[in-house]
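Asker:
Chains as they are written, first to last, in this note's numbering: chain A, 3 to 117; chain B, 6 to 123.
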C-alpha cells in the first residue's frame with residue numbers, strides 16, 4: 003500500500019458528462035501529481051499541485067481541471083467527456099517537487115470508461 | 006525536453022533465467038531515474054531509484070539497475086526471475102532542475118511487458 007488513496011476505483015459514464023476523481027496524498031506529502039494512462043498515449047503527466055497551488059501543467063485538455071484543497075487532497079474534474087477520455091487516471095504524491103524529495107508514490111488509479 | 010525510450014515492448018523469459026529491461030533517456034539537464042512496476046489491474050509501485058552516488062542501485066524483489074551517464078541508459082536487471090515478476094515495467098525520469106520549470110514531473114517510457122514462463 004503506497005498510502006495514496008484514489009476514489010472511485012471505477013467510473014462508467016456517458017459522453018458529454020462530467021466526473022470528479024479524488025486523491026488523498028500520503029501523510030506529510032505536499033505535492034500531488036495527476037497522470038493519465040491510455041493505450042495510445044501511454045503514461046502522460048497532466049498537472050501538478052504543491053501545497054494548494056498549481057505548479058506545472060502537462061498535456062491537460064481545457065475540459066479538464068484540478069485543484070488541491072487546504073487539507074491537501076486533490077480533485078481532477080473532467081467535463082464534456084469524450085470516448086477518447088477513457089483511461090486510467092493516476093494520482094501520485096511526494097514530499098516536495100524538487101530533488102531528492104520528489105519521490106512519487108502512486109495510488110491504485112481510477113479507471114474511467116466513457117460510453 | 007526530456008524523453009525516455011524503452012527499447013523492448015515485450016520480453017518473454019523462462020523462470021529462473023536472468024533478464025535485462027533496457028531504458029535510454031535524453032535530457033538537457035541532469036536527471037533522477039526511476040523504475041516502476043505495474044502488476045495487472047494495479048497501480049504503479051516504485052521498484053528502485055537513482056538520485057546520486059553509486060551508479061548501481063538495488064531495489065525491491067531482487068532487481069537492480071545501473072546508471073550509465075555516457076550512454077544515457079538506466080537498464081534494469083534481475084539475475085533470476087520468478088513467475089510473480091510477470092508485469093509491466095516503466096522507466097521514468099525527472100529533471101534535476103531546481104532553477105527550471107519542470108517541477109519534478111515524471112516522463113515515462115512506453116513500458117516493457119515482462120512475461121515469465123514456467
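Cβ coordinates follow ideal geometry from the N, Cα and C atoms, glycine included.
For the 8 Å Cβ check, are there 3 or more pairs between the region 75-93 of chain A and the region 17-31 of chain A?
Answerer: The region 75-93 of chain A, when compared against the region 17-31 of chain A, does touch it at the 8 Å Cβ threshold.
Asker: Could you name the residues of the same chain whose beta carbon sits closer than 6 Å to that of residue 99 (chain B), not counting the 5 residues immediately before and after it, in chain order?
Answerer: Counting from one through the second chain, the residue named residue 99 (chain B) turns up at place 94. These residues qualify, in order along the chain: 37, 109, 111.
Asker: Might you give, ordered along the chain, the residues of its own chain that have their beta carbon closer than 6 Å to the beta carbon of residue 62 (chain B), omitting 5 neighbours on each side?
Answerer: Against the second chain, residue 62 (chain B) aligns to sequence position 57. Around residue 62 (chain B): 53, 55, 70.
Asker: Closest by CA to residue 109 (chain A), which one among A:117, A:95, A:103?
Answerer: Looking up residue 109 (chain A) in the first chain gives position 107. Of the candidates A:117, A:95, A:103, the one whose C-alpha sits nearest the C-alpha of residue 109 (chain A) is A:95.
Asker: Answer yes or no: does any C-beta atom of chain B fall closer than 9 Å to that of residue 53 (chain A)?
Answerer: On the first chain, position 51 is the one that residue 53 (chain A) refers to. Closer than 9 Å: no.
Asker: In the DSSP output, what is residue 52 (chain A) paired with across the bridge?
Answerer: The residue given as residue 52 (chain A) occupies position 50 in the first chain. Answer is A:33, A:55.
Asker: Which residues in the same chain have their Cβ closer than 7 Å to the Cβ of residue 87 (chain B), if we skip the five residues on either side of it in sequence?
Answerer: As a working mapping, residue 87 (chain B) is identified with position 82 in the second chain. 20, 121, listed in sequence order.
Asker: State the beta-bridge partners of residue 44 (chain A) as determined by DSSP.
Answerer: The count along the first chain starts at 1 and reaches residue 44 (chain A) at position 42. BP columns for residue 44 (chain A) point to A:40.
Asker: Quick one, are the C-beta atoms of residue 112 (chain A) and residue 45 (chain A) less than 9 Å apart?
Answerer: Your numbering for residue 112 (chain A) matches position 110 in the first chain. Your numbering for residue 45 (chain A) matches position 43 in the first chain. No, the pair does not count as a contact, with Cβ atoms beyond the cut-off.
Asker: Closer than 9 Å between beta carbons: that is the criterion. Which residues of the region 81-99 of chain B meet it against chain A?
Answerer: Residues 95, 97, 99.
Asker: Closer than 8 Å by beta-carbon distance: list the chain A residues that pair up with residue 74 (chain B), in chain order.
Answerer: Position 69 of the second chain holds residue 74 (chain B). None at all; the shortest Cβ gap to chain A is about 18 Å.
Asker: Is residue 137 (chain B) helix, strand or coil by DSSP?
Answerer: Within the shown structure, residues of chain B are numbered from 6 to 123, placing residue 137 (chain B) beyond reach of any answer.
Asker: Is residue 88 (chain B) helix, strand or coil when you go by DSSP?
Answerer: As a position in the second chain, residue 88 (chain B) is number 83, starting the count at 1. Helix.
Asker: Got a sec: which bits of the region 51-79 of chain A sit with their beta carbon under 9 Å from any beta carbon on chain B, in order along the chain?
Answerer: Answer in chain order: 52, 57, 58, 60.
Asker: Runs of 3 residues minimum, wholly inside the region 8-59 of chain B: which ones carry the beta strand (DSSP E) assignment?
Answerer: Listed in chain order, the complete beta strand (DSSP E) runs (minimum 3 residues) inside the region 8-59 of chain B are 8-11, 15-19, 24-26, 28-31, 36-43, 49-55.
Asker: Mind listing the chain B neighbours of residue 106 (chain A)? Cutoff is C-beta to C-beta under 7 Å, in chain order.
Answerer: Position 104 of the first chain holds residue 106 (chain A). 111, listed in chain order.
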